[in-house]
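Asks:
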Amino acid sequence: MSEHGHEHGHGHDHGQDHGSGHAGHSHGVSPDADRRWLAIALTLITGFMAVEVVVGIVAGSLALISDAAHMLTDAASIVLALIAMRLAARPAKGGFTYGLKRAEILSAQANGLTLLLLGAWLAYEAVRRLVSPPEVEGGLMLATALVGIVVNVAATWCLSRANRSSLNVEGAYQHILNDLFAFIGTAIAALIVVLTGFARADAIATLVVVALMVKAGYGLLRESGRIFLEAAPAHVDPDALGDKLVAEPKVVEVHDLHVWQITSGQAALSAHILVEPGGDCHAVRRDLEELLRHDHGITHTTLQVDHASAAVLQGAQPGDRDLLPLDDDGHCEESHGPVHRDEPHEH
1 MSEHGHEHGH GHDHGQDHGS GHAGHSHGVS PDADRRWLAI ALTLITGFMA
51 VEVVVGIVAG SLALISDAAH MLTDAASIVL ALIAMRLAAR PAKGGFTYGL
101 KRAEILSAQA NGLTLLLLGA WLAYEAVRRL VSPPEVEGGL MLATALVGIV
151 VNVAATWCLS RANRSSLNVE GAYQHILNDL FAFIGTAIAA LIVVLTGFAR
201 ADAIATLVVV ALMVKAGYGL LRESGRIFLE AAPAHVDPDA LGDKLVAEPK
251 VVEVHDLHVW QITSGQAALS AHILVEPGGD CHAVRRDLEE LLRHDHGITH
301 TTLQVDHASA AVLQGAQPGD RDLLPLDDDG HCEESHGPVH RDEPHEH
């Protein structure tokens, strides 16, 4: 089987892919700038949070205390994001062949989970207060909420300047954006309390914020979960991609096609490609790599390219060992996923 060369795509464009934890950076700022914006937002939030806890207790407002609790998770989410960014920037070595880029996805998942857990606790407290509303100092609540809106607008703006294509930064951003909505709801509730004395407005505002927290938390868990389960990126259909690859000139079959994400914005692909006898394996591999890069933005590819055997051309599937010659060891013992065939073969 001297013609059966295993052509691997290692090294092509990998420096581009691994050299930055922020592929597809939408704002053109560096990871150092990202960390600086996150640190400024963290300072704003922790400073105001300490004041808000005291005021919330004095005013007897659950909405204010819930906002303060939410700000505590905001601060934690930013600290987690900063740690994850530092870990993700470490070079790949030892047993961590991708480096620690998944630390950012762990951070995003933790952010999503804390949003859901905090939302559950606040929902319970809000319902309890709807049944038996306590006295609320509306004026103090309103003043604090208005200051909170200003602080959160500033913090949200800081995080919007960072790279939100990173699911990690997006997690921290969602925390703070939800806190901004919470303060707006609290301010409206406080105004109602001041004007009408309707104390249940405090709990109703809390429930509205809980709904927003659940939506954001679920979104973060869903996206981070897809990455941990090695699912294909949301914008890539592996079956359609396999059909597209096998339609290229000289390609007879594509199997063992895997597409996954290392971290947000960094997709990887591997596949076993069979080309017609006499076809140029090197040229086919280069053409497929260019197609994947240009059409799908996938630059981290590993393509094993072989010449198709007579048995494969006659219709044997990968894994059909009884249909393959004994010396045909160029194909997969057991392929994963669908087999994409160029039928009929007319190249």
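FYI, in full-length UniProt numbering the residues of the sequence shown are 1 to 347. Glycine included, each C-beta is placed from N, C-alpha and C at the ideal position. Only a predicted model underlies this, so the values are computations on that prediction, with no experimental measurement involved.
If you run the structure through DSSP and keep just helix, strand and coil, what is LYS244?
Replies: Counting from one through the sequence shown, the residue named residue 244 turns up at place 244. Helix.
Asks: With the cut-off set at 8 Å, would you say ASP202 and VAL193 are in Cβ contact?
Replies: Working through the sequence shown from its first residue, we reach residue 202 at position 202. Working through the sequence shown from its first residue, we reach residue 193 at position 193. Their beta carbons are under 8 Å apart, which means ASP202 touches VAL193 by this criterion.
Asks: Which runs of the beta strand (DSSP E) at least 3 residues long sit entirely within the UniProt domain "Cation efflux protein cytoplasmic" (243-307)? Give them in chain order.
Replies: Whole beta strand (DSSP E) segments, 3+ residues: 251-263, 266-275 and 300-307.
Asks: Hey, would you say VAL259 sits closer than 8 Å to LEU274, going by beta carbons?
Replies: For this step, residue 259 is matched to residue 259 along the sequence shown. For this step, residue 274 is matched to residue 274 along the sequence shown. No, they are not a contact pair.
Asks: So, do the region 55-75 and the region 91-100 have three or more beta carbon pairs nearer to each other than 8 Å?
Replies: In short, these stretches do not touch, since the Cβ pair count stays below three.
Asks: Just curious, the alpha helix (DSSP H) that GLN155 is in, first and last residue?
Replies: In the sequence shown, residue 155 corresponds to position 155, counting from 1. Rather than Gln, the amino acid found at residue 155 in this sequence is Ala. Counting along the chain, the alpha helix (DSSP H) containing ALA155 begins and ends at 138-160.
Asks: Can you give the beta carbon distance from HIS340 to LEU245, rounded, assuming they're within the 8 Å contact cut?
Replies: The residue you call residue 340 lines up with position 340 of the sequence shown. The residue you call residue 245 lines up with position 245 of the sequence shown. The Cβ separation is near 7 Å, so the contact holds.
Asks: Using the Cβ count rule (16 or more neighbours within 10 Å means buried), how would you classify PRO134?
Replies: Position 134 of the sequence shown, counted from the first residue, corresponds to residue 134. By the 10 Å Cβ count, PRO134 comes out exposed.
Asks: Which same chain residues end up closer than 6 Å to VAL29 when comparing Cβ atoms and leaving out the 5 residues on each side of it in sequence?
Replies: Counted from its first residue, the sequence shown places residue 29 at position 29. For VAL29, the predicted model reports a pLDDT of 49, less than 50, meaning its position is unreliable and no value from the coordinates is stated.
Asks: Report yes or no: do three or more beta-carbon pairs, one from the region 168-185 and one from the region 103-114, lie closer than 8 Å?
Replies: Yes: at least three Cβ pairs fall under 8 Å.
Asks: Shortest alpha-carbon distance to VAL208 belongs to which of THR186, LEU292 and GLU248?
Replies: The sequence position of residue 208 within the sequence shown is 208, counting from 1. Among THR186, LEU292 and GLU248, the Cα nearest to that of VAL208 is on THR186.
Asks: Taking the continuous alpha helix (DSSP H) assigned at PHE183, which residues delimit it?
Replies: Numbered from 1 along the sequence shown, position 183 holds the residue referred to as residue 183. Counting along the chain, the alpha helix (DSSP H) containing PHE183 begins and ends at 167-196.
Asks: Assuming LEU122 contacts ARG200 (C-beta within less than 8 Å), just tell me the rounded distance between them.
Replies: Start at 1 with the first residue of the sequence shown, and residue 122 comes out as number 122. Start at 1 with the first residue of the sequence shown, and residue 200 comes out as number 200. That pair is no contact at about 15 Å.
Asks: Take MET141 as the anchor and find which of VAL55, PRO91 and THR43 has the nearest alpha-carbon.
Replies: Here the question's residue 141 lines up with position 141 in the sequence shown. Checked all of VAL55, PRO91 and THR43; the closest Cα to MET141 is VAL55.
Asks: Measure how close the beta-carbons of ALA271 and LEU257 come, nearest whole angstrom, since I'm counting them as under 8 Å.
Replies: Looking up residue 271 in the sequence shown gives position 271. Looking up residue 257 in the sequence shown gives position 257. So it is a contact: roughly 4 Å between Cβ atoms.
Asks: If you measure between the beta carbons of LEU220 and GLY112, is that distance less than 8 Å?
Replies: Taking the first residue of the sequence shown as 1, we reach residue 220 at position 220. Taking the first residue of the sequence shown as 1, we reach residue 112 at position 112. Their beta carbons are under 8 Å apart, which means LEU220 touches GLY112 by this criterion.
Asks: Please state if the CB of ALA103 and the CB of LEU38 are separated by a distance shorter than 8 Å.
Replies: Position 38 of the sequence shown, counting from 1, holds the residue named residue 38. Position 103 of the sequence shown, counting from 1, holds the residue named residue 103. Not a contact, by the Cβ cut-off of 8 Å.
Asks: The ligand NAD and ARG129: does any heavy atom of the ligand fall closer than 7 Å to the residue's C-beta?
Replies: The ligand content of the structure shown is nil, which means the ligand NAD is not present either.
Asks: Just tell me which of GLY119, ILE227 and ARG161 has its CA closest to the CA of ASP179.
Replies: What you label residue 179 is simply residue 179 of the sequence shown in a count that begins at 1. When only C-alpha atoms are compared, the closest one is GLY119.
Asks: How about PHE183 and ALA145: are their beta carbons less than 8 Å apart?
Replies: Stepping through the sequence shown from its first residue, residue 183 is reached at position 183. Stepping through the sequence shown from its first residue, residue 145 is reached at position 145. Yes.
Asks: Compute the distance between the beta-carbons of MET213 and LEU291, then report whether it is under 8 Å.
Replies: Within the sequence shown, the letter at position 213 stands for residue 213. Within the sequence shown, the letter at position 291 stands for residue 291. Not a contact, by the Cβ cut-off of 8 Å.
Asks: Contact criterion: CB-CB distance below 8 Å. Does GLY94 meet it with respect to chain C?
Replies: This model lacks chain C altogether; it includes just one protein chain.
Asks: Taking all protein chains shown into account, do 16 or more other C-beta atoms lie within 10 angstroms of the C-beta of ALA155, making it buried, or fewer, making it exposed?
Replies: Looking up residue 155 in the sequence shown gives position 155. By the neighbour-count rule (16 or more Cβ atoms within 10 Å), ALA155 is buried.
Asks: Report the partner residues of HIS70 according to the DSSP bridge assignment.
Replies: Sequence index remark: in the sequence shown, residue 70 carries index 70 (1-based). Note: HIS70 sits in no beta bridge, so no partner.
Asks: For LYS101, which three-state DSSP category applies?
Replies: Here residue 101 corresponds to residue number 101 of the sequence shown, with the count starting at 1. If DSSP states are grouped into helix, strand and coil, LYS101 belongs with coil.
Asks: Under the rule that 16 or more other beta-carbon atoms within 10 Å means buried, what is LEU326, buried or exposed?
Replies: For the purposes of this step, residue 326 is taken as the residue at position 326 of the sequence shown. Caution is warranted here: a pLDDT of 36 is assigned to LEU326, below 50, making its placement in the model unreliable, and the coordinate value is therefore given only provisionally. Exposed, because fewer than 16 other Cβ atoms sit within 10 Å of the Cβ of LEU326.
Asks: Mapping DSSP to helix, strand and coil, what is ARG341?
Replies: Position 341 of the sequence shown, counting from 1, holds the residue named residue 341. In the structure shown, ARG341 sits in a strand (DSSP, three-state: E or B).
Asks: What's the C-alpha gap between ASP322 and ARG286?
Replies: Here the question's residue 322 lines up with position 322 in the sequence shown. Here the question's residue 286 lines up with position 286 in the sequence shown. Because ASP322 carries a pLDDT of 46, less than 50, the predicted location of this residue cannot be relied on, and no value is offered for it.
Asks: If contacts are defined as beta-carbon pairs under 8 Å, then ALA126 and THR206 qualify, I think. What distance do you get, rounded to the angstrom?
Replies: Residue mapping note: residue 126 aligns to position 126 of the sequence shown, counting from 1. Residue mapping note: residue 206 aligns to position 206 of the sequence shown, counting from 1. Contact holds; Cβ gap of about 4 Å.
Asks: Would you report the Cα separation of ILE227 and ARG86, rounded to the nearest angstrom?
Replies: Taking the sequence shown and counting its residues from 1, one reaches residue 227 at position 227. Taking the sequence shown and counting its residues from 1, one reaches residue 86 at position 86. If I take the Cα positions, the gap works out to 20 Å.
Asks: Less than 8 Å between the CB atoms is what I'm expecting for LEU159 and ALA41, so what's the real figure, rounded?
Replies: In the sequence shown, the residue the question calls residue 159 occupies position 159. In the sequence shown, the residue the question calls residue 41 occupies position 41. That pair is a contact at about 5 Å.
Asks: Report, in whole angstroms, the separation of the C-beta atoms of LYS101 and ILE262, which I expect to be a contact under 8 Å.
Replies: As a first step, residue 101 is located in the sequence shown; it is residue number 101 there, counting from the start. As a first step, residue 262 is located in the sequence shown; it is residue number 262 there, counting from the start. With a Cβ gap of about 5 Å, LYS101 and ILE262 count as contacting.
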